[in-house]
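**Q**
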Amino acid sequence: MLKKLHKTCFYLTILSFCLSKQLSAQEQTLKVKFGKVEIEEFKQKPSGKDSLANAVMLFDIGDISFSINNNGRWVYKFSRHKRIKILSKDGYNYANFEIPIYKSSNLKEEISSVSVASYNIVGEKVIQNKVLKDEKFTDKYNSYWTINKYTLSNIQPGTIVEIKYEIISEDTYDLRSWYFQHEIPVLHSELTLAIPEYFQYKLNSQSLVNLDLVNNEVISQNHSGSITSSSDSYRSQSYNFMCNATKRTWVAKNIFAFKNEPFITTSDDYITKISFELQSTTFPNDIMRNYSSSWQKIVENLLELESFGELVKVNNSSKNIISGFINEADSTEIKMQKIYNYLKKSIKWNEKTSIYASHKSIKNIIDQKNGNCSDINLTLINLLNSANIKANPVLISTRSNGRHPGIPLISRFNYIIAAVDINNKRYFLDATNPNYFINCFYEDALNHKGLLVDLTSKEGTWIPIEPEKTSKTTITNIFTLNNDAQLTGSINLYKTNYEAFYAKTKLDRYSSKEDYIKDYTKNKSGLKVDDLKNQNSEIDGVFAETMAVTIDDLVEEAGNLLYFNPLLFERTKENPFKSDERLFPVDFATPKEENYKFIFNIPDGYSLEKLPTPILYKLEDNSALFSYTVIQNDKQILINSKILISGIVYPSERYFELKELFKNIVNKQSEPIVLKKL
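Residue numbering for the sequence shown is -25 to -1, 1 to 653, as defined by mature numbering (1 follows the signal peptide of the UniProt record, and there is no 0).
The following block contains the structure:
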């Protein structure tokens, strides 16, 4: 929701328009009236791969047009009309509608009209139920956004819900994007856009389905009305003029549901939509005004802001802060680590993301002991530079915020980390979490690139933001079998990099060791932890844990045979790649390696009946592999399962390779060890 509410954000992923030849607009567009629901519409349903959908959007029609308001200001009207058929109880949430409205000191929006209703068939008649007063809500999301909510009652499978509304917006700089695709199938979606000749917009499209441009023409528009005087409400000035406008209509039909898949940044990076970027305006008797910017201009403006540039200026206050815990004799690396540790312990992140600080000074941030990511990391950059350590901000659009289009748009950034250069080596620092360490920062910020703002040259440069090390998990289990068919032994856990960070952060959530053990054993039937030791908790990027355990329920007996899975609770039970196809990349965020070692001592009175067979499966370029090795040495069995994903992003064309890889993992890791009683 927050991502959709960033009013100043442009969705500028520039891909080619999937436009077929122009067809007759009358043949392709829909003309429907609110409340005129036909019985035939209740029979409509999706087919094919969406046949089990819990709802279907019958149509979604949008229109954007321009006019002049009573204050003489150009505004645009955004109209939307859609109908949804509820197919099951799981689709009841589609009877809830939300309309976000923006308002600032110099820009405002308002809902000029709205109609909401639901429809059911009673006998052979369509019965309409309009939204009631107590089904309308207004939620103040923040100082800029208000959410108007409508919740329809009397909903059941087969109900059709409908909403039609109009918004008048003064923000002609940022037109609302149009989404042809949604998380439910859409039978018909269309957008009509009429832009007066005075406005020049760049239209950006990304598409997983065909968009038909059914109309593209220049029309003549008449604009007439009166403008009320700002100083005297009784005085007004009339206007009446003609201008040309470019009118376009896009239509898409039978659009499949966009399903969120594992290992994706955000659906907004790929879903079918059109967005708009204001390039310039040219009004009569006025110069052309260019709204496109440059990175240099953006950086210069940032450094002049109190909420950014002022906070990174070194002053005596900053030097006084660091003088209390660093020594001149310290090496540059040690100074960096001390300042970094100080910030991580001194300020708590409020979990808000922004490239602008919410406090006015470094002293205020430290005194308040909390702040957003920019409060914390701009303070970090200031203190590092106060110690003569070169540090610069890196602006990032997080994974959940969507990829940055790469063109000069400051509004698409929402996170900051620090880039520190020492002896020709670069380090990335993020002090928003006490468990972060050098080159391990907010995982949502691992969106492949960031804009480094050089505080000296006042230039912006794109740099890669990728983990330099593989995050590893190694589990070594040493077990034997007692006379009660219990597995007894030890579980030794060792994690590095991001996996270590996750483990430490999880451990910190528990107030006692007992609570931690209780949660660890939950959903692990028969597991009893007799002893637990955490090691290396203060070492960056390392997490080590040893448990003495007894397991009751994992060994199955069938006559004189005993079966158990050597991966115990760690096997991969499901293939994360379930879809028959994937139209967008697989993004793992970080390289990963998982090693599982199982050492089993066969007790007296038993013989080995059957072992899993070894396997090695790898991708053609060796960027991912799965190996399963089995070694028997007299009464001891050693099994080693290894999963390595060294690539970060795999194009959709390689989806089936990854799917097959994990299919082999699931199948092999399900194979048991079989013992026989003598």
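Even for Gly, the Cβ is constructed at its ideal location relative to N, Cα and C.
1) How is THR480 classed by DSSP in three states: helix, strand or coil?
2) Note down, one range per segment and in chain order, each beta strand (DSSP E) of at least 3 residues found wholly within the region 69 to 147.
3) Do you know how far the Cα of VAL184 is from the Cα of SER349?
4) Is DSSP giving MET311 helix, strand or coil here?
5) In chain order, which alpha helix (DSSP H) runs of at least 4 residues are fully inside the region 328 to 392?
6) Evaluate the contact criterion for the region 119 to 129 versus the region 14 to 32: three or more CB pairs, one atom per stretch, below 8 Å.
7) Identify whether GLY47 lies in helix, strand or coil by the three-state DSSP scheme.
8) Quick check: the Cα distance between LYS481 and ILE96, rounded to an integer number of angstroms?
9) When you compare only the Cα positions, how much space is there between LYS548 and ILE590?
10) Just to confirm the assignment, what range does the beta strand (DSSP E) spanning THR241 have?
11) Indicate whether at least one CB of chain C lies closer than 8 Å to the CB of LYS248.
12) Name the one or two DSSP bridge partners that TRP225 has.
13) By Cβ distance, which residues of its chain are closer than 6 Å to THR451, with the 5 residues on each side in sequence left out?
14) May I ask you to list the residues that DSSP assigns as paired with VAL605?
15) For GLN131, is the classification buried or exposed, using 16 other Cβ atoms within 10 angstroms of its Cβ as the cut-off for buried?
16) Bridge partners for ASP429 per DSSP, in chain order?
17) Say yes only if the C-beta of LEU253 is nearer than 7 Å to one or more non-hydrogen atoms of the ligand ZN, and no if none qualify.
18) Quick check on ASP25: does DSSP put it in helix, strand or coil?
19) In whole angstroms, what is the alpha-carbon distance linking SER500 and ASP527?
20) What did DSSP end up calling ILE230 once you bin it into helix, strand or coil?
21) Any idea what DSSP makes of ILE296, helix, strand or coil?
22) Using C-beta distances below 8 Å, list every residue in its chain close to THR241, excluding the 5 sequence neighbours before and after it, in chain order.
23) Using the C-alpha atoms, what's the distance from ARG264 back to PHE(-16)?
24) From the DSSP output, in three-state form, read off LEU653 for me.
25) Can you name the residues that DSSP bridges to ALA533?
26) So which of LYS585, ASN576, SER616, SER621 has the shortest CA-CA distance to ASP609?
27) May I ask which residues mark the beginning and end of the beta strand (DSSP E) holding GLN271?
28) How far does the alpha helix (DSSP H) with THR496 in it extend, from its first residue to its last?
29) In the DSSP output, which residue or residues are listed as bridge partners for GLY200?
30) Is ARG629 helix, strand or coil by DSSP?
31) DSSP three-state call for GLN254: helix, strand or coil?
32) Leaving out the 5 sequence neighbours to the left and right, which residues in its chain are closer than 6 Å to LYS593 when beta-carbon positions are compared?
33) So, at 6 Å on beta carbons, what are the nonlocal neighbours of THR126 in its own chain, with the 5 sequence-adjacent residues on each side left out?
**A** Concretely, from the data shown:
1) As a working note, residue 480 is residue 505 in the sequence shown. Looking at THR480 - three-state DSSP - the assignment turns out to be helix.
2) 71 to 77, 84 to 97, 100 to 105, 111 to 115, 120 to 126, 135 to 144
3) Residue mapping note: residue 349 aligns to position 374 of the sequence shown, counting from 1. Residue mapping note: residue 184 aligns to position 209 of the sequence shown, counting from 1. Cα to Cα, the separation comes out at about 39 Å.
4) Walking along the sequence shown from the start, residue 311 turns up at place 336. Note: MET311 maps to helix in three-state DSSP.
5) 337 to 343, 348 to 361
6) no
7) Along the sequence shown, one-based indexing puts residue 47 at 72. Three-state result, GLY47: coil.
8) As a position in the sequence shown, residue 481 is number 506, starting the count at 1. As a position in the sequence shown, residue 96 is number 121, starting the count at 1. Their Cα atoms are separated by approximately 52 Å.
9) Residue numbering aside, residue 548 sits at position 573 when the sequence shown is read from its first letter. Residue numbering aside, residue 590 sits at position 615 when the sequence shown is read from its first letter. Computed Cα separation, rounded: 18 Å.
10) Taking the first residue of the sequence shown as 1, we reach residue 241 at position 266. Taken as a continuous stretch (DSSP letters only), THR241 belongs to no beta strand (DSSP E), as it is neither H nor E.
11) Chain labels in this structure do not include chain C; a single protein chain is all it has.
12) Taking the first residue of the sequence shown as 1, we reach residue 225 at position 250. Answer is LEU166, LEU188, bridged to TRP225.
13) Here residue 451 refers to the residue found at position 476 of the sequence shown. Cβ within range, chain order: ASN467, LYS572.
14) Counting from one through the sequence shown, the residue named residue 605 turns up at place 630. Beta-bridge pairing links VAL605 to ILE614.
15) Taking the sequence shown and counting its residues from 1, one reaches residue 131 at position 156. Counting Cβ neighbours within 10 Å, GLN131 comes out exposed, since fewer than 16 surround it.
16) As a first step, residue 429 must be located in the sequence shown, where it is residue number 454. DSSP, once it has assigned bridges, lists GLU434 as partnering ASP429.
17) The ligand ZN is absent from the structure shown, which contains no ligands of any kind.
18) In the sequence shown, the residue the question calls residue 25 occupies position 50. DSSP places ASP25 in helix when its eight states are reduced to three.
19) In the sequence shown, residue 500 corresponds to position 525, counting from 1. In the sequence shown, residue 527 corresponds to position 552, counting from 1. Looking at the two C-alpha atoms, the distance is approximately 8 Å.
20) Here the question's residue 230 lines up with position 255 in the sequence shown. Strand.
21) Numbered from 1 along the sequence shown, position 321 holds the residue referred to as residue 296. Correct three-state label for ILE296: helix.
22) Within the sequence shown, numbered from 1, the residue matching residue 241 stands at position 266. Taken in chain order, the residues that qualify are LYS(-23), ARG374, SER375, ASN376, GLY377.
23) Position 10 of the sequence shown holds residue -16. Position 289 of the sequence shown holds residue 264. With a pLDDT of 30 at PHE(-16), under the threshold of 50, the modelled position of this residue cannot be trusted; read the value that follows with caution. One C-alpha to the other measures close to 19 Å.
24) Here residue 653 corresponds to residue number 678 of the sequence shown, with the count starting at 1. DSSP places LEU653 in coil when its eight states are reduced to three.
25) Within the sequence shown, numbered from 1, the residue matching residue 533 stands at position 558. DSSP lists LEU536 as partners of ALA533.
26) In the sequence shown, counting from the first residue as 1, residue 609 sits at position 634. The option with the nearest alpha carbon to ASP609 is ASN576.
27) Taking the sequence shown and counting its residues from 1, one reaches residue 271 at position 296. Here GLN271 belongs to no beta strand (DSSP E); instead the alpha helix (DSSP H) covers 270 to 279.
28) What you label residue 496 is simply residue 521 of the sequence shown in a count that begins at 1. From DSSP, the alpha helix (DSSP H) with THR496 extends over 488 to 496.
29) Here the question's residue 200 lines up with position 225 in the sequence shown. GLY200 pairs with TYR214.
30) For the purposes of this step, residue 629 is taken as the residue at position 654 of the sequence shown. Helix at ARG629.
31) Locating residue 254 in the sequence shown gives position 279, where the first residue counts as 1. Strand at GLN254.
32) Counting from one through the sequence shown, the residue named residue 593 turns up at place 618. Result list for LYS593: LEU600, in chain order.
33) To locate residue 126, count along the sequence shown from 1; it is residue 151. Within the same chain, THR126 has close Cβ partners ASN71, GLU110.
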